[in-house]
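**Q** Right, I'll just put the structure down here and ask away after.
2 protein chains.
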Amino acid sequence: MRFPKAIFSLPAWIEHHIPGPEQVFPEVEDRVKFAIKLSRLNVEHGTGGPFGAAVFDLQTKKLIAPGVNLVVPLNNSSAHAEVVAITIAQQVSGHYDLGSEWMPPCELSVSTEPCAMCFGAIIWSGIRQLACGARAADATRIGFDEGPKPLEWEQELEARSITVLQDICGEKASAVLHQYCRNGGVIYNSRKGIL
Amino acid sequence: MRFPKAIFSLPAWIEHHIPGPEQVFPEVEDRVKFAIKLSRLNVEHGTGGPFGAAVFDLQTKKLIAPGVNLVVPLNNSSAHAEVVAITIAQQVSGHYDLGSEWMPPCELSVSTEPCAMCFGAIIWSGIRQLACGARAADATRIGFDEGPKPLEWEQELEARSITVLQDICGEKASAVLHQYCRNGGVIYNSRKGIL
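If you're matching them up, the sequences are chains V and P in order.
Under our numbering, the first residue of the first sequence carries the number 1, and numbering increases by one thereafter.
Under our numbering, the first residue of the second sequence carries the number 1001, and numbering increases by one thereafter.
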């Protein structure tokens, strides 16, 4: 094949921070805190932007798949934490629809509210619940561009039977964004009408 | 690693329909027709939904990367034709930003206007021009769900210096959608408030 493949692979360090297969995350705060921990570790390991996400089984409250922002190391502008977590979860479950009737309901826990692309990706993924840490405004405040989402994006998700939970450990999540900014992390792809 | 990788790989048949490295696509109609051809071939080969896309170098008018909808064969709800073409183009160019100063301006040619997710993905990709065949309404008419894009999505792209060209060989593109529908193709992930 003349064209290369693109591979979504998690960074090696993540292995050391993955809970054992029996660990449960009973409360939504536990699950979002895990996504926030991934966002912090991604910054500390220099493997991408300050964003973490994870797909959880809402019946067992166990992790299905983690995700971190891998745009820079994978040379892939779509490799946001949410897309990575959803993509890996779909490989784990062997189906493109995490909302299939044979699947347990799944939650996507994210360190920061989704951008315009991830908002759309969530709709197609079959995720039944979205739990968010920091607000989009926290990301835009340090220069990240969340893109043009519909104004009432939460209602758009709810209308498609996706429950939205916001401000879960928001300050903890926001602190990672600020740490990234203070350390001079790359704020990429915020091209706004400037060529 | 406990978690599997996810691989974006083009279907084998595409190799036989890729132009030689010297072939130019001088007019926008030539480029969108190529995306439409991919959409038709994807249906004929049964490798995914009726959507094709391609990234072109706007200086040389040559193909950088093709893409087709691979949601079902790759078990990946994000593997829309646009995301596949952008992702492969970024692997070819070795950078996550196709709008970098050392890159030629790139066009994404698509058989059908982008959905809500791909709309966001285009913004982060660095694409400078979007050329569309069929209208989103053509896709929704046969049951596909384009998702909640901002009402004035074209203006949102233009505001970020992404030129939008619409209705390029629209009837030809729409015909593939209708052929897919007539043949009983899977219309997936159009969950609209029904669990």
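For each residue, glycine too, the CB sits at the ideal point set by N, CA and C.
(1) So which of V:A89, V:V72, V:A85, V:V92 has the shortest CA-CA distance to T1087 of chain P?
(2) Please tell me whether D57 of chain V has its Cβ less than 8 Å away from any Cβ of chain C.
(3) Under a three-way DSSP split, which group does L1195 of chain P fall into?
(4) Mind checking whether Q1090 of chain P and S77 of chain V have CB atoms under 8 Å apart?
(5) Identify every residue that forms a DSSP beta bridge with S1093 of chain P.
(6) Starting from L108 of chain V, trace the beta strand (DSSP E) in both directions and tell me its first and last residue.
(7) So what's F1008 of chain P in DSSP terms, helix, strand or just coil?
(8) Excluding the 5 residues preceding and the 5 following D57 of chain V in the sequence, name in chain order all residues of the same chain whose CB lies nearer than 6 Å to its CB.
(9) Which residues in the same chain have their Cβ closer than 7 Å to the Cβ of W153 of chain V, if we skip the five residues on either side of it in sequence?
(10) Taking C-beta to C-beta, are W84 of chain V and L98 of chain V nearer than 8 Å?
(11) Does the beta carbon of C1132 of chain P sit closer than 8 Å to a beta carbon anywhere in chain V?
(12) To the nearest angstrom, report how far apart M1117 of chain P and E1022 of chain P are at their CA atoms.
(13) Let me know the secondary structure DSSP gives G1147 of chain P once reduced to three states.
(14) Taking its Cβ as the centre, do 16 or more other Cβ atoms sit within 10 Å of G1193 of chain P, making it buried, or is it exposed?
(15) Rounding to the nearest angstrom, what Cα-Cα distance links D167 of chain V and R160 of chain V in this structure?
(16) Quick one: measure Cβ to Cβ for A79 of chain V and F8 of chain V, integer angstroms, because I've assumed they're closer than 8 Å.
**A** Short version:
(1) Within the second sequence, residue 1087 of chain P is the residue found at index 87, counting from 1. Answer by Cα proximity: V:V72.
(2) Of the protein chains in the structure, V and P, none is chain C.
(3) Working through the second sequence from its first residue, we reach residue 1195 of chain P at position 195. At L1195 of chain P the pLDDT is 37, less than 50, meaning the model places this residue with poor confidence; the figure from the coordinates comes in the next sentence. Correct three-state label for L1195 of chain P: coil.
(4) Within the second sequence, residue 1090 of chain P is the residue found at index 90, counting from 1. Within the first sequence, residue 77 of chain V is the residue found at index 77, counting from 1. Judged by their CB atoms, Q1090 of chain P and S77 of chain V are nearer to each other than the 8 Å cut-off.
(5) Locating residue 1093 of chain P in the second sequence gives position 93, counting from the first residue. For S1093 of chain P, which the question treats as bridged, DSSP gives no partner whatsoever.
(6) Sequence index remark: in the first sequence, residue 108 of chain V carries index 108 (1-based). Taken as a continuous stretch (DSSP letters only), the beta strand (DSSP E) holding L108 of chain V covers 106-112.
(7) Position 8 of the second sequence holds residue 1008 of chain P. Strand, per DSSP.
(8) As a working note, residue 57 of chain V is residue 57 in the first sequence. Cβ within range, chain order: I64, P104.
(9) Position 153 of the first sequence, counted from the first residue, corresponds to residue 153 of chain V. Result list for W153 of chain V: F119, in chain order.
(10) Here residue 84 of chain V refers to the residue found at position 84 of the first sequence. Here residue 98 of chain V refers to the residue found at position 98 of the first sequence. Note that residue 84 of chain V is Val in the sequence shown, not Trp. Contact flag unset, no.
(11) Your numbering for residue 1132 of chain P matches position 132 in the second sequence. No - not a single Cβ of chain V is within 8 Å of the one on C1132 of chain P.
(12) Position 117 of the second sequence, counted from the start, is the residue given in the question as residue 1117 of chain P. Position 22 of the second sequence, counted from the start, is the residue given in the question as residue 1022 of chain P. Taking the straight line from one Cα to the other gives about 33 Å.
(13) On the second sequence, residue 1147 of chain P is found 147 positions in, with the first residue counted as 1. Three-state result, G1147 of chain P: coil.
(14) The residue labelled residue 1193 of chain P in the question sits at position 193 within the second sequence. Residue placement at G1193 of chain P is flagged as unreliable, the pLDDT there being 37, under the threshold of 50; the coordinate-derived value follows with that caveat. G1193 of chain P should be labelled exposed.
(15) Taking the first residue of the first sequence as position 1, residue 167 of chain V is located at position 167. Taking the first residue of the first sequence as position 1, residue 160 of chain V is located at position 160. Distance between the alpha carbons of D167 of chain V and R160 of chain V: 21 Å.
(16) On the first sequence, position 79 is the one that residue 79 of chain V refers to. On the first sequence, position 8 is the one that residue 8 of chain V refers to. Approximately 7 Å separates the beta-carbon atoms of A79 of chain V and F8 of chain V; this is inside 8 Å, confirming the contact.
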